[in-house]
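Colleague: Below is a structure I'd like to ask you about.
In the working numbering, the protein residues as written are 71 to 195.
This is the structure we're talking about:
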């Protein structure tokens with residue numbers, strides 16, 4: 071669902087830096103295991119968002135294994151990237167967050183722990 075993700079800022083740009091990555095048609099589809107993992111991640115993101123957004127959390131911060139830096143993803147961008155991976159085998163090119171406030175984002179591990187804590191609290195009632 072392309073309407074779920076922001077428009078590629080380099081769409082139709084002859085100097086698109088992503089052109090070096092090749093055509094989207096050159097992308098291998100996800101394996102069944104990778105697709106299942108991405109679907110699980112998408113479901114997790116929906117749960118994380120439903121519990122954390124009301125607390126003021128804008129999204130997740132993820133460590134990038136390629137550049138070694140942290141990347142900040144708001145909920146919609148993260149959801150859109152996962153949908154693109156599921157549908158097309160790779161996420162859409164996107165602009166990074168501009169000067170994000172790190173206190174507005176949490177790690178995947180924090181979000182998972184928060185959800186587990188909510189579940190444990192509900193089960194102990």
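We put the CB at the ideal spot given by N, CA and C, even for glycine.
Residue 176 and residue 121 - do their beta-carbons sit closer together than 8 Å?
Modeller: Locating residue 121 in the chain shown gives position 51, counting from the first residue. Locating residue 176 in the chain shown gives position 106, counting from the first residue. In this structure, residue 176 does not lie closer than 8 Å to residue 121 by Cβ.
Colleague: For the alpha helix (DSSP H) containing residue 154, list its first residue and its last residue.
Modeller: For the purposes of this step, residue 154 is identified with residue 84 of the chain shown, where counting begins at 1. First-last of the alpha helix (DSSP H) with residue 154: 145–158.
Colleague: Among the residues of its own chain, which have a CB less than 8 Å from the CB of residue 82, if the five just before and after it don't count?
Modeller: On the chain shown, position 12 is the one that residue 82 refers to. If the five residues before and after residue 82 are omitted, its C-beta is found closer than 8 Å to no C-beta atom of its own chain.
Colleague: List the residues that DSSP assigns as beta-bridge partners of residue 133.
Modeller: Working through the chain shown from its first residue, we reach residue 133 at position 63. According to DSSP, residue 133 bridges with 140.
Colleague: Spatial neighbours of residue 137 within its chain, please: C-beta separation below 7 Å, excluding the five flanking residues on both sides.
Modeller: The residue labelled residue 137 in the question sits at position 67 within the chain shown. Excluding positions up to five away in sequence, the list is empty.
Colleague: Flag this pair as yes or no: are the beta carbons of residue 167 and residue 186 separated by less than 8 Å?
Modeller: Your numbering for residue 167 matches position 97 in the chain shown. Your numbering for residue 186 matches position 116 in the chain shown. No. Outside cutoff.
Colleague: For the beta strand (DSSP E) containing residue 177, name the first residue and the last one.
Modeller: Counting from 1 along the chain shown, the entry for residue 177 is found at position 107. Note, residue 177: beta strand (DSSP E), 175–177.
Colleague: With the cut-off set at 8 Å, would you say residue 140 and residue 147 are in Cβ contact?
Modeller: Here residue 140 refers to the residue found at position 70 of the chain shown. Here residue 147 refers to the residue found at position 77 of the chain shown. Result no, Cβ atoms of residue 140 and residue 147 do not sit closer than 8 Å.
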